[in-house]
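In my numbering, the protein residues as written are 19 to 567. From the three backbone atoms N, C-alpha and C, an ideal C-beta is built for every residue, glycine too. Predicted, not measured: the structure shown is a model, and the values here were computed from it. Worksheet: the structure to be examined is printed underneath.
As C-alpha cells, then:
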C-alpha cells in the first residue's frame, strides 16, 4: 500500500495469525513483527519510536483531525491510500484486525481456524450490529468478500483473492474460504481493508451512493456529514459491539496545503493529525501546544517506476538514476533528518523472524552511496543522453516535492532531461488506482507501507500482472519465487525466499529505494490516546482518543 507518496503509501497496498481457541493457527507474520524500538535519524540527530500516547483521562465531546487530501471514496473495496483508510478504519471493520503494536488479533471473527493448507474457517462474533441496526450474519461476510473481486466494482484489493476458490457460508455465523493452492498471505490480509464486512442490505440500498454519502458497517463510528471539498464527520455508534469510542464526534478537515495544515495544528483549528509535513517537525516540536511522536511505519520511501516502455525500460538507466540520487541530502531536507538512508525496498522491522543468513541475503545489496562517474557511464552506454523522462510531484509535503526535485537533479547531472509534472494532492492519489492518471508519467515518489508485517506485501508488486506492477515488469524466475514464498506457511522459510526476491528487485531497480521513514503523529494538549504506529490504517484508532486532562 502506499501514499501518494503516502498506500504507500496507498497503499497499498498484509496478514497476521494468532493462536485461537486452542487451535495452533500458524504464527505467520505475528512472529515477524516485534515491538517498535528506537531508531537513529540521519544527519539531524535521533528520534525515538513508540507504540502509543498516554491513555485518556476521560471522554470528550469531539475532536478534529487534519487530512492532507479528501478521499476519492470510502468504499472499502477501493480504499487504497492514506486519506481513505485513516477514516475508514474507524467506520468499517474486518474479520481480523491489527493492534497498535502491529500484531493481529480477532476482529469480527472470534477465531480463525486453519484445518488444512488450503482452508480457512472464520467463526463470527454474535450480536454485532451494522450502523442501520441490522445484525451481521455469515451472508454479509460472503457478500462483502465476494464484492472485492466483482469486476463491476473494480476493487483495489482483488489481487488478495487471486488464490481463492470459494467463499462459503458454512453456518449462521461461520464462513469457510477454500484456496486453490496454499497462500500464506491471504489470512494476513483479512486484518486489512480486504477483510472488511459491510451490510449486504445497506450496500445494495445505497447503490451509487455507497462509499460517498452512505456506509453501513460495524465500527465504533458511523459516517456523518460529508461536506465535499471541506470535511467528513464521524459520529459515535451507540450500538457498537466493542468498547465505545471516547469521543462523540470526529471531524476530518481536508487541508491540502502543508503550511495551512501546520498552522491549523498550531492554532488549535485542528487537534492533531498523522503524516505531518516534514518541514514542520521542528516548528511543532518547539511550539509547546502539543507533542510530536514517532512510531513504526513499516514504510520505505521509493521512486516508483511506472513506465518501462520508454527510456526507463533499459535497466542501465534505472541503475544510473539510483547511483546519482543524493539519498542523504533527501533524508536531511525532505524528511528533516527523521529517517534513514536505505538501499532496500522493505523495512527491517518486517524481517524479525529471519535468520542471520536470510538477513544477509536480503540486505547485502548494491551500495546507496552516489557514484556519478559510473552513472554517467551507464547513461552513455544506454544511449540515453538527452532523452526525456517525467517524474510526478505534488504539494502534499516536502517529502514528495523534494524527492521529485532530487530525482530531477540526479538525472540532469548524468545527462537525462527530467521533466517534473506537478499535480494536485487529490489527483496524486489517483496514480495508485487509475491507469489514465499515470499516462505520460515515468516515475513518482511513493512512500510504501506494508499492510501486513511481511515483506512480500511489497515484493509481490513486481509479479507479472500484479495490481501495482504499473510498469508491466515480467520475469518468469521472479514469478516462480513469488509463488514459492506465498505457498510457504513457515515464516522463516518464506522469508528466505523473499530475501532472494528483494535481491532481484533491488539489483534491477524495479523501484529505486531511498529511505526508511517512521510514522509521525501530532496531538495538542487537549487530546491523547492515538497510536503512533502505522496501525491507524486498519485499527479504529479514533475510538481511543479522549481527553488529556
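(message) Would you call the stretch 215-225 in contact with the stretch 469-483, where contact means no fewer than 3 C-beta pairs closer than 8 Å?
(response) no
(request) List the DSSP bridge partners of residue 461. (result) The sequence position of residue 461 within the chain shown is 443, counting from 1. The partner list for residue 461 (beta bridge, DSSP) reads 323, 409.
(request) Could you say which of 65, 75, 69, 67 lies nearest to residue 545 if we only look at CA atoms? (result) Stepping through the chain shown from its first residue, residue 545 is reached at position 527. Comparing Cα-Cα distances from residue 545 to each of 65, 75, 69, 67, the minimum goes to 75.
(request) Look up residue 245 in the DSSP assignment and say whether it is helix, strand or coil. (result) Sequence index remark: in the chain shown, residue 245 carries index 227 (1-based). Three-state DSSP puts residue 245 in a strand.
(message) Is the separation between the beta-carbon of residue 276 and that of residue 413 shorter than 8 Å?
(response) Stepping through the chain shown from its first residue, residue 276 is reached at position 258. Stepping through the chain shown from its first residue, residue 413 is reached at position 395. Yes, Cβ-Cβ distance for residue 276 and residue 413 is below 8 Å.
(request) Please name the residue in 194, 224, 506, 117 whose C-alpha comes closest to that of residue 133. (result) Here residue 133 refers to the residue found at position 115 when the chain shown is read from its first residue. Distance from the Cα of residue 133 is smallest, within the candidate group 194, 224, 506, 117, for 194.
(request) Please report how far the alpha carbon of residue 210 lies from the alpha carbon of residue 112, in whole angstroms. (result) One-based indexing of the chain shown puts residue 210 at position 192. One-based indexing of the chain shown puts residue 112 at position 94. Near 7 Å, if we compare the C-alpha coordinates of residue 112 and residue 210.
(message) Judging by CA-CA distance, which residue of 421, 493, 499 is the nearest neighbour of residue 461?
(response) Walking along the chain shown from the start, residue 461 turns up at place 443. Here the closest residue by C-alpha is 421.
(message) I'd like to check one pair, residue 136 with residue 313: are the Cβ atoms closer than 8 Å?
(response) Within the chain shown, residue 313 is the residue found at index 295, counting from 1. Within the chain shown, residue 136 is the residue found at index 118, counting from 1. Not closer than 8 Å, so no.
(request) For the stretch 212-259, list the beta strand (DSSP E) runs that are entirely contained and at least 3 residues long, ordered along the chain. (result) 239-245, 249-254
(message) What would DSSP say about residue 422, mapped onto helix, strand or coil?
(response) Indexing the chain shown from 1 puts residue 422 at position 404. DSSP places residue 422 in helix when its eight states are reduced to three.
(message) Helix, strand or coil, according to DSSP, for residue 296 in the structure here?
(response) Taking the first residue of the chain shown as 1, we reach residue 296 at position 278. The three-state reading of DSSP puts residue 296 in helix, counting H, G and I together.
(request) Indicate whether residue 364 and residue 205 have their beta-carbon atoms separated by less than 8 Å. (result) Translated into positions along the chain shown, residue 364 becomes position 346. Translated into positions along the chain shown, residue 205 becomes position 187. The answer is no: Cβ separation not under 8 Å.
(request) Going by CA-CA distance only, name the one from 289, 489, 82, 517 that's closest to residue 380. (result) Translated into positions along the chain shown, residue 380 becomes position 362. Comparing Cα positions, the closest option is 517.
(message) Can you tell me where the beta strand (DSSP E) holding residue 267 begins and where it ends?
(response) Taking the first residue of the chain shown as 1, we reach residue 267 at position 249. Per DSSP, residue 267 belongs to the beta strand (DSSP E) from 265-272.
(request) Identify which residue in 423, 449, 507, 512 has its Cα closest to the Cα of residue 486. (result) Position 468 of the chain shown holds residue 486. Ranking the options by Cα distance to residue 486, first place goes to 449.
(request) Look at the Cβ atom of residue 434, then the Cβ atom of residue 397, and state whether they are nearer than 8 Å. (result) Your numbering for residue 434 matches position 416 in the chain shown. Your numbering for residue 397 matches position 379 in the chain shown. Yes. Within cutoff.
(message) Output needed for residue 9: all residues of its chain with C-beta closer than 8 Å, excluding positions within five of it in sequence on either side, in chain order.
(response) Missing from the structure shown is residue 9; the chain here goes from 19 to 567 and no further.
(message) Are the CB atoms of residue 319 and residue 465 within a distance shorter than 8 Å?
(response) By one-based count along the chain shown, residue 465 stands at place 447. By one-based count along the chain shown, residue 319 stands at place 301. A contact, by the Cβ cut-off of 8 Å.
(request) Within the same chain, show all residues whose beta-carbon is closer than 8 Å to that of residue 317, passing over the 5 residues directly before and after it, in chain order. (result) On the chain shown, residue 317 is found 299 positions in, with the first residue counted as 1. Result list for residue 317: 26, 27, 365, 465, 466, 467, 468, 534, 535, 536, 537, 552, in chain order.
(request) Counting only the same chain and skipping the five closest in sequence on each side, list residues whose C-beta sits under 6 Å from that of residue 139. (result) As a first step, residue 139 is located in the chain shown; it is residue number 121 there, counting from the start. Cβ neighbours of residue 139 beyond the five flanking positions: 131, 194.
(request) For residue 108, count neighbouring Cβ atoms within 10 angstroms of its own Cβ and tell me buried if that reaches 16, exposed if not. (result) One-based indexing of the chain shown puts residue 108 at position 90. Buried, by the Cβ-count rule.
(request) Just confirm the distance between the C-beta atoms of residue 290 and residue 548, as a whole number of angstroms; I'd bet it's less than 8 Å. (result) One-based indexing of the chain shown puts residue 290 at position 272. One-based indexing of the chain shown puts residue 548 at position 530. Yes, residue 290 and residue 548 are in contact; Cβ-Cβ is about 7 Å, under 8 Å.
(message) Using only CA atoms, which one of 298, 142, 213 lies nearest to residue 155?
(response) Position 137 of the chain shown holds residue 155. Residue 142 is the option with its Cα nearest to residue 155.
(request) Compute the Euclidean distance between the alpha carbons of residue 423 and residue 124, then round it to the nearest angstrom. (result) Here the question's residue 423 lines up with position 405 in the chain shown. Here the question's residue 124 lines up with position 106 in the chain shown. About 44 Å.
(request) Determine, using beta carbons only, whether residue 362 and residue 89 come nearer to each other than 8 Å. (result) As a first step, residue 362 must be located in the chain shown, where it is residue number 344. As a first step, residue 89 must be located in the chain shown, where it is residue number 71. Contact: no.
(request) Using 7 Å as the cut-off, classify the Cβ of residue 443 as near or not near the heavy atoms of the ligand ATP, replying yes or no. (result) With respect to the ligand ATP, the structure shown offers nothing to examine, as it has no ligands at all.
(message) On the DSSP letters alone, give me the boundaries of the alpha helix (DSSP H) that residue 207 sits inside.
(response) Here residue 207 corresponds to residue number 189 of the chain shown, with the count starting at 1. Counting along the chain, the alpha helix (DSSP H) containing residue 207 begins and ends at 204-207.
(request) Could you give the DSSP three-state label for residue 358: helix, strand or coil? (result) Stepping through the chain shown from its first residue, residue 358 is reached at position 340. Three-state DSSP puts residue 358 in a strand.
(message) Pull the bridge partners of residue 530 from the DSSP assignment, please.
(response) The residue given as residue 530 occupies position 512 in the chain shown. DSSP output for residue 530 lists 321 as bridge partner(s).
(request) State buried or exposed for residue 539, treating a residue as buried only when at least 16 other CB atoms are found within 10 Å of its CB. (result) Residue numbering aside, residue 539 sits at position 521 when the chain shown is read from its first letter. With a threshold of 16 other beta carbon atoms within 10 Å, residue 539 meets it and is buried.
(request) Give a yes or no on whether the C-beta atoms belonging to residue 430 and residue 436 are separated by under 8 Å. (result) For this step, residue 430 is matched to residue 412 along the chain shown. For this step, residue 436 is matched to residue 418 along the chain shown. Result yes, Cβ atoms of residue 430 and residue 436 sit closer than 8 Å.
(message) Let's test the definition: count the other Cβ atoms within 10 Å of the Cβ of residue 73 and tell me whether it reaches 16, buried, or not, exposed.
(response) The residue you call residue 73 lines up with position 55 of the chain shown. Per the 10 Å Cβ criterion, exposed.
(request) Given a cut-off of 8 Å, decide if residue 87 and residue 447 are closer than it, judged by their beta-carbon atoms. (result) Position 429 of the chain shown holds residue 447. Position 69 of the chain shown holds residue 87. Their beta carbons are under 8 Å apart, which means residue 447 touches residue 87 by this criterion.
(message) I'd like the span of the alpha helix (DSSP H) that includes residue 285, first residue to last.
(response) Residue mapping note: residue 285 aligns to position 267 of the chain shown, counting from 1. Residues 276-285.
(message) Is the separation between the beta-carbon of residue 203 and that of residue 470 shorter than 8 Å?
(response) For the purposes of this step, residue 203 is taken as the residue at position 185 of the chain shown. For the purposes of this step, residue 470 is taken as the residue at position 452 of the chain shown. It is a contact, given that the beta carbons lie within the stated cut-off.
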